[in-house]
Each structure stands twice: as structure tokens, then as C-alpha cells.
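Peer 1:
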Amino acid sequence: MASYPHIITLPNTLNSTPLADICDGLNKPKGEKTLPTILLYDERGLRLYDDITTKAPEYYLFAAEEQLLRDNGIEIVRLMHGGSPVRNGEFVLELGAGALRKTSLLLKALAQASPVSTEPAVTYLALDLEKRELDRTLSFIASSDLGPELTNRVRIGGLCGTYDDGIAFVRQGGLNDVHSSPALTASSLDTASESKIAENLTEETANLETNLKKDPGDEAPFSLGLSTDSADLNGPLPSDEQPSPLTPSESPSTYSEYDETPPLHFLFLGSSIGNFTREGAAEFLKSLPLRPWSNPDIAAGGGAIGDTLLLGLDHDNDPKLIETAYNDPAGHTTRFIMNGLAGVRKLLVQGGMPEAAAAFEDKNWSYQEHYNTVDKRHEGRYLSETEQHFMLGTDKVEFAKGETIHIEHSYKYSESAAQDLFNAANLKPIHRWISSNGLYSLWLLHRPAFTFPIVTSRISKMASESVKPGIMPQFPIEKSANFPTIPTLDEWANMWKLWDTVTLGMIPEPMLMQAPIDLRHKCLFYLGHIPTFLDIHLSRLLKEPHTEPDEFKYIFERGIDPHVDDPTKCHPHSKVPEKDDEWPVLEAILAFRDRVRTRLRSVYERLLSGDLSKAGISARKAQRVLWMTYEHEAFHVETLLYMLIQKAGEDGGTRPPPGVPPPDWEALQIQWNRRKELESTQETKVTLGPCVVSVGHDDLEADDYQSETLYGEEHEFGWDNEHPKRDLEVKKFTIERKPISNGEYHQFWSTKEGTKPPASWIVKDSVVQVSLDEDEGIDPDYLQVRTLYGPVPLSVARDWPLIASYEELNAYALSKGGRIPTQAELRLFMDDQASRGLVNAYNNAGWGYQRWWFEPPSLGNPVRNEAPHNGGVWELTSTIMDKHEGFEPSILYPGYSSDFFDGVHHIVLGGSFATIPRLAQRRSLVNYYQYNYPYAWTGARIAYDA
Numbered sequence: 001m002a003s004y005p006h007i008i009t010l011p012n013t014l015n016s017t018p019l020a021d022i023c024d025g026l027n028k029p030k031g032e033k034t035l036p037t038i039l040l041y042d043e044r045g046l047r048l049y050d051d052i053t054t055k056a057p058e059y060y061l062f063a064a065e066e067q068l069l070r071d072n073g074i075e076i077v078r079l080m081h082g083g084s085p086v087r088n089g090e091f092v093l094e095l096g097a098g099a100l101r102k103t104s105l106l107l108k109a110l111a112q113a114s115p116v117s118t119e120p121a122v123t124y125l126a127l128d129l130e131k132r133e134l135d136r137t138l139s140f141i142a143s144s145d146l147g148p149e150l151t152n153r154v155r156i157g158g159l160c161g162t163y164d165d166g167i168a169f170v171r172q173g174g175l176n177d178v179h180s181s182p183a184l185t186a187s188s189l190d191t192a193s194e195s196k197i198a199e200n201l202t203e204e205t206a207n208l209e210t211n212l213k214k215d216p217g218d219e220a221p222f223s224l225g226l227s228t229d230s231a232d233l234n235g236p237l238p239s240d241e242q243p244s245p246l247t248p249s250e251s252p253s254t255y256s257e258y259d260e261t262p263p264l265h266f267l268f269l270g271s272s273i274g275n276f277t278r279e280g281a282a283e284f285l286k287s288l289p290l291r292p293w294s295n296p297d298i299a300a301g302g303g304a305i306g307d308t309l310l311l312g313l314d315h316d317n318d319p320k321l322i323e324t325a326y327n328d329p330a331g332h333t334t335r336f337i338m339n340g341l342a343g344v345r346k347l348l349v350q351g352g353m354p355e356a357a358a359a360f361e362d363k364n365w366s367y368q369e370h371y372n373t374v375d376k377r378h379e380g381r382y383l384s385e386t387e388q389h390f391m392l393g394t395d396k397v398e399f400a401k402g403e404t405i406h407i408e409h410s411y412k413y414s415e416s417a418a419q420d421l422f423n424a425a426n427l428k429p430i431h432r433w434i435s436s437n438g439l440y441s442l443w444l445l446h447r448p449a450f451t452f453p454i455v456t457s458r459i460s461k462m463a464s465e466s467v468k469p470g471i472m473p474q475f476p477i478e479k480s481a482n483f484p485t486i487p488t489l490d491e492w493a494n495m496w497k498l499w500d501t502v503t504l505g506m507i508p509e510p511m512l513m514q515a516p517i518d519l520r521h522k523c524l525f526y527l528g529h530i531p532t533f534l535d536i537h538l539s540r541l542l543k544e545p546h547t548e549p550d551e552f553k554y555i556f557e558r559g560i561d562p563h564v565d566d567p568t569k570c571h572p573h574s575k576v577p578e579k580d581d582e583w584p585v586l587e588a589i590l591a592f593r594d595r596v597r598t599r600l601r602s603v604y605e606r607l608l609s610g611d612l613s614k615a616g617i618s619a620r621k622a623q624r625v626l627w628m629t630y631e632h633e634a635f636h637v638e639t640l641l642y643m644l645i646q647k648a649g650e651d652g653g654t655r656p657p658p659g660v661p662p663p664d665w666e667a668l669q670i671q672w673n674r675r676k677e678l679e680s681t682q683e684t685k686v687t688l689g690p691c692v693v694s695v696g697h698d699d700l701e702a703d704d705y706q707s708e709t710l711y712g713e714e715h716e717f718g719w720d721n722e723h724p725k726r727d728l729e730v731k732k733f734t735i736e737r738k739p740i741s742n743g744e745y746h747q748f749w750s751t752k753e754g755t756k757p758p759a760s761w762i763v764k765d766s767v768v769q770v771s772l773d774e775d776e777g778i779d780p781d782y783l784q785v786r787t788l789y790g791p792v793p794l795s796v797a798r799d800w801p802l803i804a805s806y807e808e809l810n811a812y813a814l815s816k817g818g819r820i821p822t823q824a825e826l827r828l829f830m831d832d833q834a835s836r837g838l839v840n841a842y843n844n845a846g847w848g849y850q851r852w853w854f855e856p857p858s859l860g861n862p863v864r865n866e867a868p869h870n871g872g873v874w875e876l877t878s879t880i881m882d883k884h885e886g887f888e889p890s891i892l893y894p895g896y897s898s899d900f901f902d903g904v905h906h907i908v909l910g911g912s913f914a915t916i917p918r919l920a921q922r923r924s925l926v927n928y929y930q931y932n933y934p935y936a937w938t939g940a941r942i943a944y945d946a
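Using UniProt numbering, read the sequence shown as starting at 1 and increasing by one per residue.
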């Protein structure tokens with residue numbers, strides 16, 4: 001039988017008392033009065049809440065979450081660990097544990113995944129307010145049928161306190177004290193040990209109190225006392241607010257941390273985060289001490305491990321369904337809410353205010369609930385049944401009949417709102433499970449080492465049938481998204497973390513001298529090219545010498561993009577060493593990189609201080625240089641990745657992205673198939689036009705020299721092929737809402753004997769080709785699709801967008817009686833699709849490394865106002881990139897576009913999962929690739945003449 005669970009009482013970190021909160025809330029103006037939600041959660045309240053979850057089927061949240069944990073517990077545990085074994089010394093900490101009936105399902109799965117040991121590998125700690133309830137529920141688990149399954153695998157214990165108390169406990173190292181004991185028993189963690197922990201927490205508690213800003217009016221129901229407006233407690237994480245260019249964020253080191261302190265997994269179930277305001281929810285989740293993932297054994301092929309958060313979220317379901325869930329016919333919710341009045345009376349009597357306590361007899365109040373459809377939140381209130389007035393200390397409090405007091409609220413989350421929450425909290429999804437009734441989700445989340453947040457934007461909705469001939473659609477055509485005019489140093493810091501992750505984490509050192517594709521340089525070139533390109537432009541701007549070693553500018557200034565048909569034809573480029581031993585050594589390149597990064601920081605300081613202008617250096621030119629070099633680096637990360645994917649999965653080849661939870665293809669397929677089924681009734685084509693569509697934006701580089709005033713936030717920089725804004729006519733056409741998939745192209749390709757497969761595929765020539773429709777007959781090794789985690793069977797990737805050249809994609813389109821759309825047609829289509837819902841990271845296929853793989857495209861969810869996505873690829877057009885009316889070559893980078901006005905480069909729009917949002921969310925952005933270049937992450941969809 002499992003050991004008797006021990007419970008540690010944590011020091012109180014609140015900077016006010018429940019009585020003070022009551023008095024503050026009741027003294028607010030009419031219509032704004034509040035009572036702290038913590039009143040609902042005394043010992044009796046917890047049991048009444050338990051009645052709701054067991055006796056009120058209308059409260060669907062509990063049953064939905066229970067179903068998810070029962071059906072997916074083993075999978076959840078597997079993904080919590082990135083597919084790696086459970087590590088010795090792991091902790092699972094549940095915030096607001098309650099009755100533990102649902103949690104027991106996860107504990108069982110944890111036990112099954114954990115090795116048997118005299119020192120259990122995993123310690124589960126339940127955090128809650130009432131010690132007697134904690135003792136009751138934990139003891140029940142220990143003595144139940146589950147107890148023997150946990151023995152020598154998972155030990156259980158409790159923490160009595162608020163969320164604040166628990167976070168302070170973890171931050172101060174309290175888990176180390178728990179872990180050092182052989183078992184969580186009353187004998188091993190005695191009173192003296194508790195006192196030691198409490199003493200260690202004193203300083204942390206004091207610091208936490210000073211950082212928490214209390215707003216009783218917005219106090220989050222079910223929050224167990226955590227202030228919903230807490231400051232950022234994570235120190236090094238990027239700020240939610242517009243970051244100052246002079247405050248770069250630094251993530252903590254992640255490469256050895258987990259050797260010393262095993263992973264910590266938070267559970268926050270029951271949609272309790274909905275009881276925070278949206279802003280407070282983001283601040284709270286950001287405050288959780290989650291470390292980025294790491295690959296401590298990467299050289300030996302070890303997988304990624306790290307801290308996680310399993311979060312339950314209720315959807316923004318039908319208002320009537322929600323209202324019934326919070327006001328069941330049997331009255332269980334009413335009894336739970338009304339019990340809070342007993343706590344009011346008790347505290348007021350203890351505070352010497354019996355007259356005020358008498359005013360809160362149950363007969364004077366009733367429960368009122370309402371779903372706020374604007375803010376997407378359920379609201380619970382006490383309604384005064386009679387006119388009342390009483391003294392609250394020296395203050396007179398009056399209630400009119402029908403006046404209400406706010407006691408709880410519960411925000412609901414669409415997929416888009418959930419992603420906005422995660423972005424604001426610096427979290428990324430590992431996986432999502434949706435209940436069988438579609439009403440509720442469990443999200444497994446992690447904290448990334450770097451982040452490129454999506455700027456949520458709502459594009460005006462325009463139904464295609466409302467477009468009139470010759471009338472320009474009313475889409476936003478000025479600044480696409482509210483990014484700072486130039487990248488902040490915070491953005492640079494994240495870019496450098498990304499760059500170092502790819503160049504130093506994914507490329508084994510011997511591979512640096514290899515060229516994974518024959519149309520690009522060796523990998524080492526790019527490590528030198530990025531800082532050299534930046535340094536050259538800083539030197540030109542500042543009129544200063546180049547950073548040493550000076551000769552780097554001759555080797556690394558410009559890469560190659562030769563003609564595919566004749567590689568001897570190439571634009572001007574640097575001359576690189578012919579022999580491996582003639583290249584600069586890696587250490588010298590990295591030292592140079594660091595010196596250039598330091599130089600860049602100094603340019604920001606001089607720009608903002610005005611020193612550049614005083615030195616006669618154009619401030620606007622400086623802004624453009626900083627913008628251009630940042631986006632140049634962003635583009636080259638993607639270039640490196642589509643090179644590296646060619647070697648992924650090979651012995652000594654590309655390593656998976658370090659510090660990133662790996663994909664679980666089996667779990668993802670279940671998710672994708674469910675979405676495909678839900679979208680099966682939607683239209684698969686759309687007809688648009690005739691109309692006029694605007695492309696490009698106004699950003700004439702010559703204007704940089706017409707004023708010494710810095711460009712303001714309204715200005716949007718772009719490459720020379722984006723200027724100027726201009727109108728293009730579009731005839732009526734029809735277009736597929738999904739791009740060409742691997743599966744579709746496979747059926748076409750398998751009939752074309754002798755046709756080379758796309759470079760994104762790996763095909764065994766010796767195996768007989770089998771129709772994709774004959775799933776049972778497909779040899780999983782016959783055809784595989786490349787990923788950064790190694791190739792996967794076609795059965796996994798069949799619905800992904802095909803990654804191929806224009807030549808290959810156009811051949812398929814022609815076979816279907818269609819063609820690849822023009823630039824104007826694709827731009828109009830993208831605007832139309834974006835107008836169908838909210839634009840954010842998840843439903844735009846993970847821009848900015850939200851994930852590191854492709855996935856099936858989505859048609860979106862019009863009911864939930866969620867926009868479609870294409871699976872994470874750039875999209876090719878039939879339009880050749882050429883000089884357009886008003887085109888002016890860049891002054892800083894004259895050959896950026898004009899070197900490729902050769903009749904073979906096609907315009908490409910959008911962005912892939914490896915495109916940062918600053919690029920992908922700029923509507924005017926134009927990329928370009930040769931018609932037969934096979935390696936870029938480009939797909940295409942089919943258009944038809946109407």
C-alpha cells in the first residue's frame with residue numbers, strides 16, 4: 001500500500017486578507033460590488049463543488065475532461081516526456097487539485113510509464129486551499145485500488161496554500177527539500193522539516209508580495225487567491241508590452257539544467273484558468289516557473305525533455321449550454337454559490353461586524369447567472385432580494401433591491417483566443433486533445449527558448465459574392481500588422497537564439513564542410529555569411545572599418561543562387577575557398593559573430609541617443625539597415641533548414657531541433673483526421689472576381705535621404721520588389737481552397753513512368769509502386785516524405801501540402817484542367833481566406849516556429865471565426881518576377897531583385913512554418929524561386945478559368 005501522504009502547509013503570500021477583500025469589494029459603487037471568489041472554496045464548498053461534478057450532468061466540463069484523461073492518459077504522459085523515458089526525480093504539481101477523481105486517471109498512466117524503484121521516479125503534489133480536504137482526497141487515493149499501482153512508481157503528497165504560495169515554493173527550491181526525503185510520509189517530512197521550508201520561503205514570499213498588484217474588482221474566481229494582475233515573475237522572458245530596443249531578453253541556459261533538476265510538470269485542469277481575466281490569465285501562466293526544453297544527450301542522439309503544463313480549457317460553446325452548466329435544474333450550483341455567504345458571515349463576525357454579517361443571511365440573496373456573449377465569459381452574482389443598508393466598520397453600505405454582487409466569472413476560449421493566450425504567456429502547444437463532444441480541450445504546453453509572436457489581426461470580412469466588377473476589395477492594404485518599425489533588440493535576441501539553435505544545435509561539426517544540396521554553399525559558409533553581411537552594412541552606414549578579420553568580407557559577403565539548368569550561370573557572388581583546410585575555423589567565425597552582435601547593439605544605443613544624427617549619419621538609413629539585416633537573417637535560417645532537411649535522419653546527418661518537443665506522428669494523425677472529418681461538409685473551391693486587387697506598399701528608399709526625422713510606427717519597410725502600391729485587375733476565376741497534397745501528387749506521379757520524384761520525397765526504386773487508395777498494401781518504406789525529424793511514411797504525410805518546384809506543381813495542375821494562379825489571383829484568394837476568421841499562429845500553420853513540421857491544411861471553422869491555413873508552405877504563382885511600373889532597385893542592396901529578372905523566377909507569396917511573423921504577416925511581401933528549383937518549401941494550389 002502507498003505511504004500515508006504528507007501535506008506541507010505553505011506560508012501565506014497574499015498581501016491582503018479575505019476580510020479586507022470583502023470590505024474593499026462591498027465599498028465599491030453600485031453595480032461594481034464584488035466578493036472574493038476564495039469564499040466559495042471552504043471545506044464545505046469543495047464538497048458542494050464535488051456534488052456538481054458528480055450529480056449535475058449539465059456541468060459538461062468535468063465529464064469532458066474526465067473522458068479526455070481516460071481515453072488519452074497514456075498518450076498525454078508519453079508526450080509530456082517527448083517520447084523519452086520518465087526521468088528519476090520528476091515532479092507533477094497540480095494547481096487546485098480538488099477531489100482528484102480525474103487526476104487519478106493521469107496518475108495511473110504515470111505509474112504505468114514509470115520504472116519500479118524503492119525511490120519512485122515521479123512525485124505528485126496536489127496544491128489546494130483546505131488541508132483537511134487535501135488529506136481526505138490524498139488518503140483515499142493511497143488506500144484505493146490505485147494505491148498499489150502507485151507504490152514504488154509514483155509517490156503522492158500535498159501542498160496547502162494558494163497558487164501564489166505554490167509558485168513561491170517552487171521558485172525558492174522547495175521541491176528540492178521534498179525530493180531529498182526518501183518518501184512523502186509524516187515521519188520523513190516532520191514538523192522541523194516543514195519549518196525549514198517555511199523559513200526558506202520567507203524572503204521569496206516577501207519578494208513575491210511586492211510584485212503582485214491586487215485589483216479586487218477583477219479578482220479571478222476560482223483563483224485560490226492569486227492576484228490576476230501579477231507582474232512578470234520570469235525575469236528573462238520577453239515582455240508582453242512593446243519591448244524597448246535596449247532591453248534584449250536572455251533565456252536561461254537549457255543544456256545541462258535537466259541533468260541537475262529533472263522536469264517539472266504542472267497540471268491546471270477544470271478550465272480554472274477561465275476564472276482569471278484574459279490579461280490576468282496570461283500573466284499567471286507566464287509566471288509559472290517553466291524552463292525551455294533541452295537535449296542533454298543530443299550528441300548521442302538523445303531526445304528532448306523539459307517542463308510542461310497540461311491546461312484544461314472550456315470552449316466558447318452555445319450560450320444556453322453554458323448557462324445551464326452553471327445553473328443546473330437540481331440546484332447543485334446554486335447551493336455551491338450560496339455557501340459562499342456563510343464565509344462572508346463568518347469573517348464579518350470574526351471582524352466584529354455582526355450587523356453586517358446579518359445582512360448576508362441566505363434569505364436576503366439569490367443566485368443570478370448570465371453568459372456575457374461579448375466578452376465570452378460566464379458571470380455569477382448574488383442578487384439582493386430586498387433593500388438593505390448596514391455599517392461596515394465606519395462605512396455605510398447600501399443595497400437596492402435587485403442590486404448584485406459579483407462572485408465569480410469563467411472566460412471561455414475559442415481556438416484563436418487560446419492561441420492569443422499562449423502567445424501572451426510565452427507558451428507553445430505540444431499537442432491538443434478535444435473531447436468527443438467537441439466542447440472542451442486539454443492543451444499540453446511548453447515554454448520555448450525563443451519566440452516570434454504573431455500579431456493578431458482581424459481582416460475585414462468580405463464575402464466573395466459582394467465583390468463588384470472594378471471595385472477594390474476593402475482589405476487592409478497599408479501596414480499589415482503592428483510590428484515595431486525596426487526590429488527591437490528583443491527580436492534580435494530571439495533571432496540569434498534561433499540561428500544558434502539551427503547552426504550549432506542541428507549541424508554536427510563534420511557536416512559543416514558539406515553542402516546538402518548542390519546549388520548552395522557548404523553549411524559553414526552561412527555561419528560566416530550572416531555576421532559578415534550585417535557587418536558590411538554597418539560599416540557602410542557608419543563609415544567605419546570592418547570588424548576583424550577584414551578578409552571575411554571577401555569570403556562571406558554573398559551566397560549563390562545559380563541557374564538550375566546551367567549552374568555556371570550565376571549572379572555576382574563571393575569567391576569561397578576551394579579546399580576544406582582553407583576555410584576559416586569555426587571558433588574564429590563564432591568569435592567574429594559575437595563581435596558583430598556587440599557592434600549591432602551599440603548602433604541601437606547611438607540611434608536612440610541621437611549620436612548617429614550628430615555624426616551626420618542618416619537616422620532613416622540606419623533604420624533601414626537594421627530592418628534589412630534582420631530580415632536577411634530570418635530568410636537565411638529558412639534557407640539553411642531546407643538544405644538541412646535533405647540530411648535529416650541519416651547517420652551523422654542533421655539533428656532534430658534541440659530544445660523542441662518532438663512530434664508524435666501517431667497522436668497528430670488522430671488530431672488531423674478529426675479535423676478533416678469536421679471540415680468534410682465545407683466548400684473546397686471558391687469563385688472570386690472580377691475585381692481590382694491592390695498589391696505592394698509604398699516604401700521608396702530614396703525618401704530615406706529626404707529627412708533626418710526617424711520613421712514613425714506607421715511606416716512599413718519592405719524589399720525593393722514590394723514598392724510601390726499598385727492595382728491589378730483580376731478576371732473571374734475559381735480556385736481550390738487547399739493546396740496540392742502529397743497524396744494527390746502521388747496518384748498522378750505513379751502513372752508517369754520515369755518521372756523523378758519531388759526532392760521532398762525519398763523513394764525506393766526496387767519496390768513496386770502501389771496506389772495510395774490501397775492503404776493496406778503500401779510498404780511504409782516505399783515512399784517517405786522528408787521532415788527535420790527524419791523521413792516519415794507517406795501514410796503520415798499524404799494530406800500535407802506537396803513541397804515541389806513550379807514545374808512539378810504546374811504539371812499536376814494542368815492534368816486536372818487547371819493552372820497555377822497568378823500573383824493577383826493568389827493575393828485576392830489569401831485576403832478572402834484571411835477574412836474568414838481571426839489570424840493567429842495556430843491557424844496560419846505555425847508561422848514563426850510554432851511547430852517545426854508541415855501538417856494538413858485546414859479550411860478553418862466559420863462557426864468559431866477561425867481562419868483557414870495551407871499547412872505551412874510558401875505558395876507559388878504563375879507570375880514571373882520582373883520589373884513592374886514604379887520599381888526602383890534598392891540603394892543598399894541593388895541586386896536583391898534585379899539580379900533575378902531573368903524570366904525563370906516565379907513570385908511566391910505567404911510564408912512557411914519557418915517564416916517569422918514579421919515577414920509572413922506583411923501583406924506586400926514577395927519572395928521568388930526558379931521555376932524548377934526543387935528544394936524550397938513551396939507548394940501551390942490549382943486555379944481554373946471561370
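Here a beta-carbon is modelled for each residue, glycine too, at the ideal position from N, C-alpha and C.
#1: What first and last residue would you give for the alpha helix (DSSP H) that runs through SER165?
#2: Which term fits ASN843, buried or exposed, when burial requires 16 or more other beta carbons within 10 angstroms of its beta carbon?
#3: What is the C-beta distance between LEU290 and LYS102, in whole angstroms, given that I count them as a contact (C-beta under 8 Å)?
#4: Is it buried or exposed, HIS315, if we count other Cβ atoms within 10 angstroms and call 16 or more buried?
#5: Let me know if MET511 comes out buried or exposed under the rule of 16 or more other beta-carbons within 10 Å of its beta-carbon.
#6: Going by beta-carbon coordinates alone, are LYS376 and LYS412 separated by less than 7 Å?
#7: By Cβ distance below 7 Å, which residues in the same chain neighbour GLY343 in space, the five residues on each side in sequence not counted?
#8: CB-CB under 7 Å to VAL792, same chain, minus the five flanking residues each way: which ones, in chain order?
#9: Could you spell out the range, first to last residue, of the beta strand (DSSP E) harbouring GLN388?
#10: I'd like the list of long-range same chain contacts for GLU729, defined as Cβ closer than 7 Å, with 5 residues on each side in sequence excluded.
#11: Can you check which of these residues, SER858, GLY89, PRO584, is closest to TYR258 by C-alpha distance?
#12: Quick check on the DSSP output: what are the complete alpha helix (DSSP H) runs of length 4 or more inside the stretch 311-360, in order along the chain?
#13: Go ahead and pull the three-state DSSP assignment for PHE268.
#14: Given this structure, state the Cα-to-Cα distance separating VAL86 from GLY790, to the nearest angstrom.
#15: Does the stretch 909-921 touch the stretch 883-899, meaning 3 or more C-beta pairs lie closer than 8 Å?
#16: When we look at the beta-carbon of TYR931 and count the other beta-carbons within 10 Å, is it buried (16 or more) or exposed?
#17: Let me know the secondary structure DSSP gives TRP672 once reduced to three states.
#18: Does THR879 come out as helix, strand or coil in the three-state DSSP assignment?
#19: Quick one: grab the DSSP three-state call for SER223.
#20: Distance check for ALA417 and ALA282, CA to CA, integer angstroms please.
#21: So which of SER694, GLY718, VAL695 has the shortest CA-CA distance to residue 953?
#22: Identify the continuous beta strand (DSSP E) that holds LEU383 and give its terminal residues.
#23: Is the stretch 53-66 touching the stretch 318-330, taking contact as three or more C-beta pairs under 8 Å?
#24: List the endpoints of the continuous beta strand (DSSP E) containing VAL785.
#25: Hey, quick one: how far does the alpha helix (DSSP H) through SER287 stretch, first residue to last?
#26: Output the boundary residues of the alpha helix (DSSP H) element that contains TYR526.
#27: Give the DSSP-derived three-state secondary structure of VAL796 in the structure shown.
#28: Please return the same chain residues whose Cβ sits closer than 7 Å to the Cβ of PRO757, not counting the five positions on each side in sequence.
#29: From LYS108 to ILE22, what distance separates their C-alpha atoms?
#30: Straight-line CA distance for ALA126 to ARG136?
#31: If you measure between the beta carbons of TYR929 and VAL908, is that distance less than 7 Å?
#32: Quick one: does PHE854 have its CB under 7 Å from some CB of chain C?
#33: Check whether the stretch 802-822 and the stretch 729-743 are in contact - that is, three or more C-beta pairs closer than 8 Å.
#34: Excluding the 5 residues flanking ARG827 on each side, which residues of the same chain have their C-beta closer than 6 Å to its C-beta?
Peer 2: Put simply:
#1: Correcting the residue type first, residue 165 is Asp in the shown sequence and not Ser. Residues 163-171.
#2: Its pLDDT being 43, under 50, ASN843 is placed unreliably in this model, and the coordinates cannot settle the point.
#3: Not really, about 22 Å apart at Cβ, beyond 8 Å.
#4: buried
#5: buried
#6: yes
#7: LEU39, ASP42
#8: TRP665, GLN784, VAL785
#9: 388-392
#10: VAL692
#11: GLY89
#12: 319-325, 332-338, 340-350, 354-358
#13: strand
#14: 24 Å
#15: no
#16: buried
#17: helix
#18: strand
#19: For SER223, the pLDDT reaches just 27, beneath the cut-off of 50, and the residue's location in the model is therefore unreliable, although a value from the coordinates is still provided. Residue state, collapsed to three classes: coil.
#20: 11 Å
#21: As displayed, the chain neither begins before 1 nor continues past 946, which places residue 953 out of reach and without an answer.
#22: 377-384
#23: yes
#24: 783-785
#25: 278-287
#26: 523-542
#27: helix
#28: TRP749, VAL763
#29: 41 Å
#30: 12 Å
#31: yes
#32: In summary, chain C is missing from the structure at hand, where a single protein chain is found.
#33: yes
#34: VAL693, VAL695
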